[in-house]
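**Q** Positions in the sequence shown are counted from 1; adding 98 to them yields our numbering. The C-beta atom is built at its ideal place from N, Cα and C for all residues, glycine as well.
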Amino acid sequence: MAPATGTLLAEVPASTPARVAEAFERARQAQPAWAALGARARGQALRRLARALRDDPRLTETLVAETGKPRYEAVGMEVFYALELTRYYAGRAGRRALRDEQRRPFLFAIKKARVVRHPHGVVGVIGPWNWPLLNNYADCVAPLMAGNAVLLKPSELTPLTSLRVAELWKDLGLPEGVFQVLPGRGDVGQALCERCDMIFFTGSVKTGRQVGAKCGERMIPVVLELGGKSPMIVLADADLPRAARAAVWSGFANSGQVCIRTERVLVEEVVAERFTALCAAEVKALRQGAGAPAPADQAIDVGAITFPPQMDTAEKQIGDAVARGARVVVGGEGRRAGGGQFFAPTLLAGVSSEMAVAQDETFGPVLPILRVRDAEEALRLVNESPTGLSGSVWTADVARGRALARRMVAGSVCINDVLMNYFVVEAPLGGVRASGLGVRHGPEALRQFCRLETIIEDQPLSGLLSPFIQKQLMFPYRPRTLRLLRWVMRRLY
Ligand code: NDP
Numbered sequence: 099m100a101p102a103t104g105t106l107l108a109e110v111p112a113s114t115p116a117r118v119a120e121a122f123e124r125a126r127q128a129q130p131a132w133a134a135l136g137a138r139a140r141g142q143a144l145r146r147l148a149r150a151l152r153d154d155p156r157l158t159e160t161l162v163a164e165t166g167k168p169r170y171e172a173v174g175m176e177v178f179y180a181l182e183l184t185r186y187y188a189g190r191a192g193r194r195a196l197r198d199e200q201r202r203p204f205l206f207a208i209k210k211a212r213v214v215r216h217p218h219g220v221v222g223v224i225g226p227w228n229w230p231l232l233n234n235y236a237d238c239v240a241p242l243m244a245g246n247a248v249l250l251k252p253s254e255l256t257p258l259t260s261l262r263v264a265e266l267w268k269d270l271g272l273p274e275g276v277f278q279v280l281p282g283r284g285d286v287g288q289a290l291c292e293r294c295d296m297i298f299f300t301g302s303v304k305t306g307r308q309v310g311a312k313c314g315e316r317m318i319p320v321v322l323e324l325g326g327k328s329p330m331i332v333l334a335d336a337d338l339p340r341a342a343r344a345a346v347w348s349g350f351a352n353s354g355q356v357c358i359r360t361e362r363v364l365v366e367e368v369v370a371e372r373f374t375a376l377c378a379a380e381v382k383a384l385r386q387g388a389g390a391p392a393p394a395d396q397a398i399d400v401g402a403i404t405f406p407p408q409m410d411t412a413e414k415q416i417g418d419a420v421a422r423g424a425r426v427v428v429g430g431e432g433r434r435a436g437g438g439q440f441f442a443p444t445l446l447a448g449v450s451s452e453m454a455v456a457q458d459e460t461f462g463p464v465l466p467i468l469r470v471r472d473a474e475e476a477l478r479l480v481n482e483s484p485t486g487l488s489g490s491v492w493t494a495d496v497a498r499g500r501a502l503a504r505r506m507v508a509g510s511v512c513i514n515d516v517l518m519n520y521f522v523v524e525a526p527l528g529g530v531r532a533s534g535l536g537v538r539h540g541p542e543a544l545r546q547f548c549r550l551e552t553i554i555e556d557q558p559l560s561g562l563l564s565p566f567i568q569k570q571l572m573f574p575y576r577p578r579t580l581r582l583l584r585w586v587m588r589r590l591y
C-alpha cells in the first residue's frame, strides 16, 4: 500500500516454510564458493551492485512509493548511504579488517598465534520498514563482504525495494543463492532465527528480545539494533539557531520514523524560550506532502507515515502530554484529512520527564522540549532511560561537550550535530541497554560476521627447543619445574 496515496502498489506473496527451507539450502550450497572468491573479488561484486543501485531509476521510485518519504530522503539518505557503506566495506578498509592477524606471545615467545576470520555461513538479516534500503539491503553489505550468504527478510510493509535489489543482483549475474530476499511476516523472521548461522536484526525492542532469546537458545551470534529515546542536550552557550534547525531536521526527517532521531530535547532553562521560538519557526516552515509523483516532491520536506500505528502512538503521547500540562506550540491537529497517511508535525513545550512523550519511543513527527536547570539535570534524565541508542550535545565549548558526551550512556553521541553518526561509516554505531547488542559500521561490525579461529604455530627454529620444553612442562611432573614456575611467577607478576 502506498502510504502517501492509499493506493495498492503490489501484492507480494509471503514466503512459505517450504520456500524458506529451499532458500536456506541454496544459500548453504552457494556460500563456500562465495567465501572462496576472496575479499577483493567479493568487494568488486558489491561495488558493481552499488553502481547498479545508483543508476536504477526504479529503485528510487519504489522507495518513495512504498514508504511515502520525500525523494530527497530516498536518494540523499538511503541510496547515498548504501553507496558510501559499500565504498568503505568493499574497499581496502574491508579487506584489511578481514585479514589474518599475527599475535606475538610475550611469555611463550617461541610460538606465534595466527587469528583467522571465517564467515559464519548463512546470515539472516531482518529489517524494519522505515529504511527499506538503508536498514535492509545495506545491512547485508558487511555480512556479504565477510563471505557469508545472506537471506534478507524485509518488513511486510516494504518488501518492494529489497525485491528490486534482488532483481539487480540477478541481472548482473552475481552468484546465485548468495543473496536472496524472503518477503513475509514475522513468521518468516522466526524461521530465519531457527535456521541461520547468525542473525542481524533491526527493529523494535519487543521483537528484538524475542529474536535474542531464540538465538540464545540456539547459541548463535546475533546483532540487535533496536529502538531508543535519543536526547538532544542544548546548553545555554550553544549556537541556538543551528541547534534549532538540527533539532527540527532530526525530529521530523522521514516523518520522525528514524531510530537515532532526536526523540526529546533537554534545554537549559535560561535559553529555553528563545530555543523553542526558533524551533517553532522551523516547524511552521515545513512543507508536508506526497513524495510522488515527480516533480511535486521537489517542494516537500515531510512525507507520509509509513506504518499507521505510529500515528496512534503520536496521538496518545500528545494527548497524555497536554492532559498533564504540556503546550502544543505548532501542529497538534494529528492526522490530516484526505487521502494518505499524513500526521501534522507537532512541537510540544513544557514537557516534563514523567510524560509518555518524554519516556517512550515516539517514532513519529512529534518533538517534545523539556526545560532543565543545568547540564547535570539533563544528564541525570538521559541516563535514567532504559535504552541508550544515540544523542547529541550542543555547546560552544567542545571540551565541555565531549566531557558530557562521555558521561552519557549511549552507543554514539554527536557534538553540535545530529544523525551524522549514521553516515560516519568508519566508526561503530549501536545501542546499549535495551537498545541492542553489537554494532553496525567500522571494522568492529564487519568482524562480527566472522567466527574466529586461532592457530598456534612454532616460530622458526623454535622446534629445536621443543623437546626440552616438553620435558619441563609435560608428564612426568617434577618438583624442580614447580620451583621454576614459582620463581617465574614472582619475577613476572
Ligand atoms: P519490528 O520489531 O516490528 O519488526 C522488525 C522486523 O522483524 C520486521 O521485518 C518484522 O516483520 C520482523 N519480525 C516481526 N516479528 C518477528 C519475530 N517474532 N521474529 C523475527 N522477526 C520478526 O520493528 P518495526 O519494523 O516496527 O521497526 C521500527 C523499530 O525499529 C523502531 O523501534 C526503531 O527504533 C527500530 N529501528 C532501529 C534502528 C537501529 O539502527 N537501532 C534502525 C531502524 C529502526 P513484519 O514487519 O513483517 O512484521
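May I ask you to list the residues that DSSP assigns as paired with Ala435?
**A** In DSSP, Ala435 forms no bridge with anything.
**Q** Taking 8 Å as the threshold, find out whether the segment 513-522 comes into contact with the segment 334-346 through three or more Cβ pairs.
**A** Touching, per the Cβ criterion.
**Q** What does the Cβ neighbour count give for Trp585, buried or exposed, with the cut at 16 atoms within 10 Å?
**A** Exposed.
**Q** Tell me whether the beta-carbon of Gly282 lies closer than 8 Å to the beta-carbon of Ala133.
**A** Contact flag unset, no.
**Q** Have a look at Phe440, Pro406, Lys312, Arg190 and flag the residue whose alpha-carbon is nearest the alpha-carbon of Ala289.
**A** The shortest Cα separation from Ala289 among Phe440, Pro406, Lys312, Arg190 belongs to Lys312.
**Q** Consult DSSP for Met296 and reduce its assignment to one of helix, strand or coil.
**A** In this structure, Met296 counts as strand in the three-state DSSP scheme.
**Q** Mind checking which residues open and close the beta strand (DSSP E) that includes Val496?
**A** Here Val496 belongs to no beta strand (DSSP E); instead the alpha helix (DSSP H) covers 496-505.
**Q** Can Cys357 be considered in contact with the ligand NDP, in the sense that its beta carbon sits closer than 7 Å to one or more heavy atoms?
**A** True, at least one ligand heavy atom lies under 7 Å from that Cβ.
**Q** Taking the alpha-carbon of Ala424 as reference, which of Val449, Gly437, Leu106 has the nearest alpha-carbon?
**A** Answer by Cα proximity: Val449.
**Q** Would you please state the rounded distance, in angstroms, between the beta carbons of Asp335 and Asp495? I believe it to be under 8 Å.
**A** Indeed, because the Cβ distance is near 6 Å, the residues count as touching under 8 Å.
**Q** When you compare only the Cα positions, how much space is there between Gly310 and Leu322?
**A** If you take the alpha carbons of Gly310 and Leu322, they lie about 7 Å apart.
**Q** Regarding Val309 and the ligand NDP, is the C-beta to nearest heavy atom distance less than 7 Å?
**A** At least one heavy atom of the ligand NDP is nearer than 7 Å to the Cβ of Val309, so yes.
**Q** Using the three-state DSSP reduction, which class does Trp132 fall into: helix, strand or coil?
**A** Residue state, collapsed to three classes: helix.
**Q** Report the partner residues of His216 according to the DSSP bridge assignment.
**A** Looking at the DSSP assignment, His216 forms a beta bridge with Arg549.
**Q** Can you list, in chain order, the residues of its chain whose CB lies under 7 Å from that of Val523, leaving out five sequence neighbours each side?
**A** So the list reads Glu182, Leu183, Tyr186, His539, once near-sequence residues are dropped.
**Q** Compare the Cα-Cα distances from Gly219 to each of Tyr591, Ala125, Lys251 and report the closest residue.
**A** It is Ala125 whose Cα lies nearest to the Cα of Gly219.
**Q** Quick check: what's the CA-CA separation for Gly430 versus Ala497?
**A** Taking the straight line from one Cα to the other gives about 38 Å.
**Q** Using the rule of at least 16 other Cβ atoms within 10 Å of the residue's Cβ for burial, across every protein chain shown, is Ala119 buried or exposed?
**A** Exposed, by the Cβ-count rule.
**Q** CB of Glu159 to nearest heavy atom of the ligand NDP: below 7 Å?
**A** Because no heavy atom of the ligand NDP lies under 7 Å away, the Cβ of Glu159 does not count as near it: no.
**Q** Where DSSP assigns a beta bridge to Arg201, which residues make up the other side?
**A** Its beta-bridge partners are Ala211.
**Q** Taking the alpha helix (DSSP H) that Lys56 falls in, what are its first and last residues?
**A** Given that the chain is displayed from residue 99 to residue 591, the structure contains no residue 56 and the question cannot be resolved.
**Q** At least one CB of chain C closer than 8 Å to the CB of Leu272: is that the case?
**A** Annotation note: the requested chain C is absent from the structure, which comprises a single protein chain.
**Q** So Leu468 is in the beta strand (DSSP E); what residue range does that whole segment cover?
**A** Segment 464-470, the beta strand (DSSP E) holding Leu468.
**Q** Nearest-angstrom Cα distance between Val279 and Gly287?
**A** Near 12 Å, if we compare the C-alpha coordinates of Gly287 and Val279.
**Q** Residues in the same chain with beta-carbon distance under 7 Å from Ala108, minus the five sequence neighbours each way, listed in chain order, please.
**A** If we look at Ala108 and ignore the five residues flanking it on each side, its Cβ neighbours are Leu258.
**Q** What does the Cβ neighbour count give for Leu562, buried or exposed, with the cut at 16 atoms within 10 Å?
**A** By the 10 Å Cβ count, Leu562 comes out exposed.
**Q** Taking all protein chains shown into account, decide if Pro130 is buried (16 or more other Cβ within 10 angstroms of its Cβ) or exposed.
**A** Exposed.
**Q** Tell me the DSSP secondary structure of Thr485 in three-state form.
**A** Note: Thr485 maps to strand in three-state DSSP.
**Q** Is it a yes or a no for the segment 247-257 touching the segment 221-236, going by three-plus beta-carbon pairs under 8 Å?
**A** Segments in contact, yes.
**Q** Per the contact definition of three or more C-beta pairs closer than 8 Å, is the segment 292-311 in contact with the segment 261-274?
**A** Touching, no, given that fewer than three Cβ pairs across the two stretches are closer than 8 Å.
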